[in-house]
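Enquirer:
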Amino acid sequence: MCVASVAFAQTTPPTSGPVKITLDDAIQMALQHNHNLLAQRTVVQQNQAEEITANLRPNPVLQGDAQFLPIFQPDKFSADYINTTAQFDVGLSYLFERGRKRQHRLQAARDVTEQSRFIVTDNERSLIFLVASQYIEVQVAESTIDLAAQDLKSFQNTVDISESRYKAGDISEVDFLKIKIQLLQFQTDMSQAQLAKVQALASLRQSLGHESVPADYDVASAFDYAPVTMKLEDLQAKALADRPDLRAARQGITAANSQYELQKAIGKVDPTGTALYSHVSNSSSASFFANVQIPIFNRNQGEILRAKYAITQAEELSRAASDQVMTDVMNAYEGVRTNDQIVTLYLSGYLKEAQDSRDISEYAYKRGAASLLDFLDAERSYRATELAYRQALASYLTAVEQLREAVGTRTLP
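All you need for the working numbering is the position in the sequence shown, starting with 1, plus 35.
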């Protein structure tokens, strides 16, 4: 599978036409080149850097002093004075963390990193749906262009025949002008469809990353109806197990619990030990000190309580996310069913009937057996039916993509 413009250059033989990509190609390009997604992925890297910070131990503190120096009596400044009268101290102190603070900090940071991974995966899920929707818009525009080209060619033939009949006196000038003016609608349809395709390709290219495809690229996947068979219960079970936003919400509970344990550890006081070397009065000595806060007032009780409420908040958000998943799957499932029924109606005979009606009216009109009004009405009905079918098919394909997004996987169970 091609996943980048470089890959196309290596694997695709030179052609005179534009580079064509499938939907799978487009999705892979977006996952590799979409700048918003790439920016979001750096959040994981930033959180991994926070893990390094969380795992660091406190730095020892080096301290020193020199006392009783005769700065204002420089005449007394001598080696003997320095040795017997001045005082010098050099010490080292260290904060000893209690309550496994470092381990709790690291675990809390790791849980946040894991949650950010699920969030990035959920952003990928949303991006895939966006790319699929934009790809379908290109397909609709391309199919509409094909229809407009066929209609324009067919109706141009009708105009040419009508002009011959007008010159032969078989129809009036008014009828001929009505036929000719109707040609404008087909030309307008063609221009609008071409504009829609250009705009859809531009939007899709933005999602893929401008550097991933050349400016003259095009889509390759077929714009066809493919029925989807599925069970609602299986879809909901799959979504509850795999959807990344729900997994991120569940990981939020784990992260909240880690923060709670960390705040409890922070509530434990940390002693500071100091070792001091002193030189004074021609003698050297060592001193050892220890100090610790007395936790009478501040025992970090406020942050501990806040972290406890944060666990409740995370649990409620997880339940809300679960409910949202069930609702999304239900709505998407019904959307697929309804749009499938509509597309099936068109394919069951309405498309053929509209075309047959147009063909019969055209045949009869060209031979003078049908009125101009009947022919134009059949032509409009055929064009409207074909356009409506393409919109219905696009809605169906989009609904399938919405279902995939709701379940959280490209492969439906």
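Ideal placement from N, C-alpha and C gives every residue a C-beta, glycine not left out.
Given the structure is predicted, the values throughout are model-derived calculations rather than measurements.
Does the Cβ of Leu-97 have 16 or more other Cβ atoms within 10 Å, making it buried, or fewer, making it exposed?
Expert: Its Cβ having fewer than 16 others within 10 Å, Leu-97 is exposed.
Enquirer: Give me the Cα-Cα distance between Ala-355 and Ala-274, rounded to the nearest whole angstrom.
Expert: Ala-355 and Ala-274: Cα-Cα distance of roughly 14 Å.
Enquirer: Would you tell me roughly how many angstroms separate the C-alpha atoms of Asp-124 and Asp-100, rounded to the nearest one?
Expert: Each residue's alpha carbon lies about 5 Å from the other.
Enquirer: What residue range is occupied by the uninterrupted beta strand (DSSP E) comprising Tyr-312?
Expert: Where Tyr-312 is concerned, the enclosing beta strand (DSSP E) stretches over 307 to 315.
Enquirer: Can you tell which of Asp-251, Ser-318, Ala-184 and Gly-204 has the C-alpha that lies nearest to the C-alpha of Thr-223?
Expert: For the residues Asp-251, Ser-318, Ala-184 and Gly-204, the minimum Cα distance to Thr-223 belongs to Ala-184.
Enquirer: By DSSP, does Tyr-398 sit in helix, in strand, or in coil?
Expert: If DSSP states are grouped into helix, strand and coil, Tyr-398 belongs with the helices.
Enquirer: Output the boundary residues of the beta strand (DSSP E) element that contains Ala-349.
Expert: Segment 336 to 380 is the alpha helix (DSSP H) holding Ala-349; no beta strand (DSSP E) there.
Enquirer: Figure out for me which residue from Asn-69, Leu-66 and Thr-446 has the closest Cα to the Cα of Asp-269.
Expert: Ranking Asn-69, Leu-66 and Thr-446 by Cα distance to Asp-269 puts Thr-446 first.
Enquirer: With DSSP run on the structure shown, which of helix, strand or coil describes Cys-37?
Expert: Only weak support exists for where Cys-37 lies, its pLDDT of 40 falling under 50; the value from the coordinates is given anyway. Residue state, collapsed to three classes: coil.
Enquirer: Between Arg-278 and the rest of its own chain, which residues show a CB-CB distance below 6 Å, the 5 nearest in sequence each way excluded?
Expert: The answer, listed in chain order, is Val-360 and Gly-443.
Enquirer: Going by alpha carbons, who is nearest to Val-462 out of Asp-186, Ala-429, Glu-132 and Val-79?
Expert: Residue 462 is absent from the structure shown; the chain starts at 36 and stops at 448.
Enquirer: Given a cut-off of 7 Å, decide if Thr-307 and Leu-130 are closer than it, judged by their beta-carbon atoms.
Expert: Yes.
Enquirer: From Gly-244 to Leu-73, what distance separates their C-alpha atoms?
Expert: One C-alpha to the other measures close to 11 Å.
Enquirer: Could you give the DSSP three-state label for Asn-82: helix, strand or coil?
Expert: In this structure, Asn-82 counts as helix in the three-state DSSP scheme.
Enquirer: Ordered along the chain, which non-local residues of its own chain (more than five positions away) have a Cβ less than 6 Å from that of Arg-152?
Expert: Excluding positions up to five away in sequence, the list reads Val-79.
Enquirer: Taking Cβ to Cβ, would you say Ala-143 is nearer than 7 Å to Gln-348?
Expert: The answer is no: Cβ separation not under 7 Å.
Enquirer: Threshold first: 4 residues or longer. Then list the alpha helix (DSSP H) segments lying entirely within the region 62 to 144, N to C.
Expert: Those alpha helix (DSSP H) runs which fall completely within the region 62 to 144 and span 4+ residues are 70 to 89 and 114 to 119.
Enquirer: Would you identify the three-state DSSP class for Phe-153, choosing helix, strand or coil?
Expert: Residue state, collapsed to three classes: helix.
Enquirer: Drop a sphere of 10 angstroms on the beta-carbon of Gln-45, count the other beta-carbons inside from all chains shown, and report buried for 16 or more, exposed for fewer.
Expert: At Gln-45, the pLDDT of 38 sits below 50, so the modelled position is not reliable and the matter cannot be decided from this model.
Enquirer: Under a three-way DSSP split, which group does Ala-325 fall into?
Expert: Three-state DSSP puts Ala-325 in a strand.
Enquirer: Give the DSSP bridge partners of Ile-56, in chain order.
Expert: For Ile-56, which the question treats as bridged, DSSP gives the partners Val-254.
Enquirer: Going by alpha carbons, who is nearest to Ala-231 out of Gln-169, Gln-138 and Lys-111?
Expert: Among Gln-169, Gln-138 and Lys-111, the Cα nearest to that of Ala-231 belongs to Gln-169.
Enquirer: Which whole-angstrom value is the C-beta distance of Ser-353 and Arg-285, which I expect to be below 8 Å?
Expert: About 5 Å separates the two Cβ atoms, so the contact holds.
Enquirer: What does the Cβ neighbour count give for Thr-77, buried or exposed, with the cut at 16 atoms within 10 Å?
Expert: Thr-77 comes out exposed.
Enquirer: Could you pull the DSSP bridge partners for Ser-318 from this structure?
Expert: Ser-318 is bridged to Val-315.
Enquirer: On the CB-based measure, 16 or more other CB atoms within 10 Å of its CB, does Arg-415 come out buried or exposed?
Expert: Per the 10 Å Cβ criterion, exposed.
Enquirer: Taking the alpha carbon of Ala-114 as the point to measure from, which residue in Ala-413, Ser-316, Asp-375 and Gly-337 has its own alpha carbon closest?
Expert: Nearest C-alpha to Ala-114: Ser-316.
Enquirer: If I'm right that Ile-346 touches Lys-136 with Cβ under 8 Å, what's the distance once you round it to whole angstroms?
Expert: Contact doesn't hold; Cβ gap of about 19 Å is too wide.
Enquirer: Can you give the beta carbon distance from Asp-375 to Pro-53, rounded, assuming they're within the 8 Å contact cut?
Expert: Contact flag wrong, Cβ pair sits at about 32 Å.
Enquirer: Spatial neighbours of Val-173 within its chain, please: CB distance less than 7 Å, with the 5 preceding and 5 following residues excluded, ordered by chain position.
Expert: Around Val-173: Lys-232, Ala-235, Leu-236, Leu-239 and Val-254.
Enquirer: What is the rounded straight-line gap between the Cα of Ala-283 and the Cα of Ile-180?
Expert: When rounded, the distance between both Cα atoms is 43 Å.
Enquirer: Using the three-state DSSP reduction, which class does Val-263 fall into: helix, strand or coil?
Expert: Looking at Val-263 - three-state DSSP - the assignment turns out to be coil, as it is neither helix nor strand.
Enquirer: As a quick exercise: from Ala-419, Thr-373 and Tyr-385, pick the residue whose alpha carbon is nearest that of Tyr-431.
Expert: Selected option, being the one with the closest Cα: Thr-373.
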